[in-house]
Amino acid sequence: MSASDGTPLLHRAIEAECVFNGDWIPSSSPLLPVIEPATGELLMNTAMADAADIAVACREAALAQPAWAALGPREKAEIFLLAADHAVCAFDELALYVARESGGSLHKGQHEVNEAIVLLRQAAGMLSQAHGHGLMLPSAAGRLSYARRVAHGVVGVISPFNFPLVLSMRSVAPALAAGNAVVLKPDPQTPISGGFLIARLFEEAGLPKGLLHVLPGAADAGEALCRDTNVQMITFTGSTAAGRKVAEAAGRNLKKVSLELGGWKPVVNTRACSIALQCSAA
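Here the sequence shown is numbered in full-length UniProt numbering, starting from 1 and rising by one per residue.
Below, the structure is given as structure tokens:
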């Protein structure tokens with residue numbers, strides 16, 4: 001089944017198997033209901049990954065990463081272009097999941113899908129640029145400076161619920177393009193659009209198994225990801241308070257850390273809208 005032939009990108013097996021490591025596999029953790037904020041409707045039941053699940057994923061990612069880093073740029077780029085093509089074919093399905101799961105409008109969902117497609121194509125473009133393997137730098141007269149970009153190894157991505165698809169893809173796509181393996185922990189409020197949809201796009205595109213792991217989880221899973229010695233870099237988008245904890249946990253093993261913290265969400269107040277509803281939406 002493939003998004004390109006009109007069949008749904010998601011499939012019901014995800015409910016029972018819930019975490020992704022190249023295959024859809026069971027987790028020993030209890031199921032978590034994913035609820036549409038606007039209606040209270042159940043969208044899906046998914047398991048929450050625990051620290052043991054994270055450890056297995058990080059170990060498998062570290063084993064898979066060297067072969068991916070050694071793969072040629074043309075072969076890598078083709079995977080990102082195929083993933084973008086599948087996103088185009090499944091555009092309406094993706095946009096609706098983003099809107100329903102994150103409590104946004106359909107227009108917001110469409111915007112996120114458009115941006116995700118752009119990010120996938122930009123990742124493919126990274127691999128075709130001359131500085132993908134080496135970069136000439138300005139130097140003093142008579143001297144030549146050369147820099148080469150080298151993959152970190154395994155990158156842990158902790159993404160938020162407010163723009164789940166685009167803020168996950170913003171970290172996942174370039175990390176994979178640079179030759180890393182990725183362990184993605186989407187927010188448990190948005191595991192579908194923040195994780196499983198991305199997993200399905202790369203699965204359909206033929207990404208080798210073991211390079212992308214998607215494990216929804218709570219704070220204990222995030223802490224385990226930050227502390228795991230197989231992970232060389234953590235990217236986190238979320239609150240300043242949580243970001244401090246991420247930086248502290250990652251810093252104990254001197255991991256490289258990228259943090260985007262805080263932010264403002266203005267709300268337009270009208271007479272027809274209740275204060276309680278606005279506070280809930282914010």
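Here a beta-carbon is modelled for each residue, glycine too, at the ideal position from N, C-alpha and C.
Keep in mind that this is a model prediction, so the values were computed, not measured.
What distance in whole Å lies between the Cβ atoms of K185 and P216, which are believed to be in contact at a cut-off of 8 angstroms? 7 angstroms
Just confirm the distance between the C-beta atoms of T39 and P191, as a whole number of angstroms; I'd bet it's less than 8 angstroms. Not confirmed; about 18 angstroms, so no contact.
DSSP has N45 in a bridge; who is on the other side? P33
Would you mind sorting P66 into buried or exposed? The rule is 16 or more other CB atoms within 10 Å of its CB. exposed
Once you ignore the five residues that flank L9 on each side, which residues in its own chain have a CB closer than 6 angstroms to its CB? A3, A90, E93, R200
Contact set for S105: own chain, Cβ-Cβ below 7 angstroms, skip 5 residues either direction: A99
Can V118 and G156 be called in contact, C-beta distance under 7 angstroms? no
Less than 6 angstroms between C-beta atoms, sequence neighbours within five positions excluded: which residues of the same chain meet that for S153? According to the sequence displayed, residue 153 carries Gly and not Ser. Here the set comprises Q65, Q232.
Given S128, which residues of its chain have a CB within under 7 angstroms of its CB, disregarding the five upstream and five downstream residues? P73, A77
Could you check the C-alpha separation between T235 and I158 for me, to the nearest Å? 6 angstroms
Here's a check: name, in chain order, each residue in its chain whose Cβ is nearer than 6 angstroms to the Cβ of E36, leaving out the five neighbours to either side. L43, R100
How would you write the range of the beta strand (DSSP E) that F236 sits in, first residue to last? 233-238
Take every Cβ of the region 210-224, pair it with every Cβ of the region 47-66, and state whether three or more of those distances are shorter than 8 angstroms. yes
What residue range does the beta strand (DSSP E) around G156 cover? 154-158
Whose C-beta lies closer than 7 angstroms to the C-beta of A205 among residues of the same chain, with five residues either side of it excluded? I79, L82, A83, H86
Around the C-beta of C279, are 16 or more other C-beta atoms found within 10 angstroms, so that it is buried, or is it exposed? exposed
How would you label I275, buried or exposed, when you count the other beta carbons within 10 angstroms and need 16 or more for buried? exposed
From L32 to N114, what distance separates their C-alpha atoms? 29 angstroms
Considering only DSSP beta bridges, list what I25 is partnered with. V19
Endpoints, beta strand (DSSP E) assigned at K76: K76 -> not in any beta strand (DSSP E); alpha helix (DSSP H) instead, spanning 73-89.
First and last residue of the uninterrupted alpha helix (DSSP H) at H213: No alpha helix (DSSP H) contains H213, which is instead part of the beta strand (DSSP E) from 212-214.
For V182, name the three-state secondary structure that DSSP assigns. strand
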